[in-house]
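Novice: The structure is given below, and queries will be raised subsequently.
There are 2 protein chains.
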Amino acid sequence: MTDYVTLLKENDLKATFQRMNILDVIDKSGHMSVESIYEAVSKVHPSISLATIYKNIVLMMEKGVLVEVPISGRKSKYELAKMDHIHLVCTECGDVEDKPCIEATDKVFKDLSMQEHFKLHKRQVNLYGVCESCQAKIAS
Amino acid sequence: MTDYVTLLKENDLKATFQRMNILDVIDKSGHMSVESIYEAVSKVHPSISLATIYKNIVLMMEKGVLVEVPISGRKSKYELAKMDHIHLVCTECGDVEDKPCIEATDKVFKDLSMQEHFKLHKRQVNLYGVCESCQAKIAS
DNA sequence: TTAAATGCAAAAAATTTGCAGACGT
DNA sequence: ACGTCTGCAAATTTTTTGCATTTAA
Chain X
327 MTDYVTLLKE NDLKATFQRM NILDVIDKSG HMSVESIYEA VSKVHPSISL
377 ATIYKNIVLM MEKGVLVEVP ISGRKSKYEL AKMDHIHLVC TECGDVEDKP
427 CIEATDKVFK DLSMQEHFKL HKRQVNLYGV CESCQAKIAS
Chain W
327 MTDYVTLLKE NDLKATFQRM NILDVIDKSG HMSVESIYEA VSKVHPSISL
377 ATIYKNIVLM MEKGVLVEVP ISGRKSKYEL AKMDHIHLVC TECGDVEDKP
427 CIEATDKVFK DLSMQEHFKL HKRQVNLYGV CESCQAKIAS
């Protein structure tokens with residue numbers, strides 16, 4: 327259980343209940359769209375406004391607390407900023423699963439950037455396919 | 327110069343001027359947002375409607391002629407479907423550059439998917455950083 | 001000739017903004 | 001107490017839809 331108060335304060339953000347709830351639902355689910363964040367937070371904080379969700383997503387992204395995960399064919403999802411990793415994106419259910427980065431590919435990307443005189447900051451690897459549980463559903 | 331008539335017909339789409347212009351501006355620029363496609367096509371075909379751009383992006387994506395390139399912090403761009411490749415995305419100017427995939431990383435992703443029982447269809451690798459020309463601008 | 005595509009205008013959906021009051025520090 | 005944050009409502013932006021007309025095949 328992360329300490330959201332500290333996380334927010336370290337990033338010059340006031341620790342409001344709204345923000346902590348947003349971080350909490352994202353952390354629990356892993357990756358969420360604006361709409362699903364709104365729905366989930368509304369359950370524990372029914373008076374929250376959609377505008378507050380939007381404002382905070384923007385703010386927390388600027389502060390580096392949240393990261394956008396843009397997904398082909400769907401709305402972007404948001405995750406807590408964490409170690410670089412690979413996304414397995416299910417094209418059936420839209421679910422996103424994290425897998426650790428592999429050193430070998432990291433080195434390749436770093437070398438490529440170097441060679442292109444490209445100042446690399448961040449990598450985003452999305453692998454699109456069908457997750458195990460959707461394969462089972464399709465088969466049946 | 328690609329033969330857009332053939333490309334469209336092979337994919338069960340009528341070869342309209344609107345479509346060929348859309349494909350042409352995307353091909354020339356490499357990667358374009360909806361808005362920039364509209365602006366560019368409007369220059370050679372002033373009567374085109376934005377709704378036509380939207381309808382055709384959806385259709386051509388369904389037919390596999392176009393591919394969406396979702397980008398963190400910006401609007402999605404669209405490119406012609408082509409061999410898998412890596413995107414260098416400049417966080418300053420938003421430009422996207424293609425670089426060939428590297429076999430070593432491909433194999434790693436394939437192995438990872440296999441191991442996770444994930445039916446891999448498509449890979450999308452975005453490297454975010456600052457392109458050479460923006461580095462020069464910043465330095466000056 | 002005919003099914004599909006376009007363009008318009010209107011509708012719907014998504015996101016942003018301004019501001020008064022509430023709240024964290 | 002102060003400056004930031006929230007929630008509301010309104011505005012703006014983005015995307016989709018329906019329909020009459022046009023067009024490619």
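Chains as they are written, first to last, in our numbering: chain X, 327 to 466; chain W, 327 to 466.
Cβ atoms here follow ideal geometry from the backbone N, Cα and C, with glycine treated the same way.
Fair warning: this is a prediction, and the values are worked out from it, not measured in the lab.
Please work out which residues of its chain come closer than 7 Å, Cβ to Cβ, to W:Lys436, disregarding the five sequence neighbours upstream and downstream, and give them in chain order.
Specialist: So the qualifying residues of the chain are Leu446.
Novice: On a CA-only basis, which of X:Asp338, X:Glu336, X:Ser373 and X:Asn337 is nearest X:Asn347? Give me that one, please.
Specialist: Closest by alpha carbon: X:Ser373.
Novice: Specify the secondary structure class of X:Glu418 as computed by DSSP and reduced to three states.
Specialist: X:Glu418 falls in the coil class under three-state DSSP.
Novice: Which chain W residues sit within Cβ distance under 7 Å of X:Lys445?
Specialist: Simply Gly455, Val456 and Gln461.
Novice: In terms of alpha-carbon separation, which member of X:Ser459, X:Val351, X:Ser368 and X:Ala366 lies closest to X:Leu392?
Specialist: Nearest of X:Ser459, X:Val351, X:Ser368 and X:Ala366 to X:Leu392, Cα basis: X:Val351.
Novice: In terms of alpha-carbon separation, which member of X:Ser439, X:Arg400, X:Ala465 and X:Tyr404 lies closest to X:Met386?
Specialist: Ranking the options by Cα distance to X:Met386, first place goes to X:Tyr404.
Novice: Chain X partners of W:Gly399, CB-CB under 8 Å?
Specialist: Chain X residues near W:Gly399: Met387 and Glu394.
Novice: Below 7 Å on C-beta distance, what does W:Lys448 contact in chain X?
Specialist: Within 7 Å Cβ-Cβ: Tyr454.
Novice: Is there a Cβ from chain W that is less than 8 Å from the Cβ of X:Ile428?
Specialist: Cβ-Cβ to chain W under 8 Å: yes for X:Ile428.
Novice: When the distance is taken between beta carbons, is W:Lys389 closer than 8 Å to W:Asp293?
Specialist: This structure does not reach residue 293 of chain W, given that chain W is present from 327 up to 466, and the question cannot be answered.
Novice: Mark X:Thr342 as exposed unless 16 or more other C-beta atoms lie within 10 angstroms of its C-beta, in which case mark it buried.
Specialist: Flag for X:Thr342 reads exposed.
Novice: Comparing C-alpha positions only, which one of W:Lys408, W:Thr332 and W:Val434 sits nearest to W:His357?
Specialist: It is W:Lys408 whose Cα lies nearest to the Cα of W:His357.
Novice: Judging by CA-CA distance, which residue of W:Tyr454, W:Asp329, W:Lys463 and W:Cys416 is the nearest neighbour of X:Asp410?
Specialist: Measuring from the Cα of X:Asp410, the nearest candidate turns out to be W:Tyr454.
Novice: So what does X:Asn337 bridge to, in DSSP terms?
Specialist: X:Asn337 is not bridged to any residue.
Novice: Which value, in whole angstroms, describes the spacing of the CA atoms of X:Ser375 and X:Val451?
Specialist: Between X:Ser375 and X:Val451, the C-alpha separation is close to 32 Å.
Novice: Taking the alpha-carbon positions, what's the W:Val456 to X:Ala465 distance?
Specialist: Looking at the two C-alpha atoms, the distance is approximately 45 Å.
Novice: Should X:Val434 be flagged as near chain W, meaning a C-beta pair shorter than 8 Å?
Specialist: Closer than 8 Å to some Cβ of chain W, the Cβ of X:Val434 qualifies, so yes.
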